[in-house]
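Residue numbers for the sequence shown follow the numbering used here, beginning at 2 and rising by one. One structure is given below, encoded as structure tokens.
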Amino acid sequence: MILEFLNMGGYGLYIWLSYAFATFSLIFLYYVSVKKLNSIKNIEHLYQTEKATEVSVSQEANRF
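Next up, the structure:
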């Protein structure tokens, strides 16, 4: 019975490979998206840190 289900009338190999391809594609797209999001967050953090440093330097320059 289980083998009949897995065989799916002779189309089992095609069906299971299609499921595997779709699953791996979704996992890959998720991984790429998370990696891209993290790099954008890192760039924003660096930009904000650089901007804060410029503001503090300009404030010190205005004191004198």
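Backbone N, C-alpha and C fix where the C-beta goes; we use that ideal spot for every residue, glycine too.
Item to check | Met9 vs Ile16 beta-carbon contact at 8 Å | outcome: yes
Checklist entry - Can you tell me the Cα-Cα spacing of Lys42 and Phe22, whole angstroms? => result 30 Å
Next on the checklist: Just verifying my parser: in three-state terms, what is the DSSP assignment at Met107?
Outcome noted: The question about residue 107 has no answer here: the residues shown for the chain are numbered 2 through 65.
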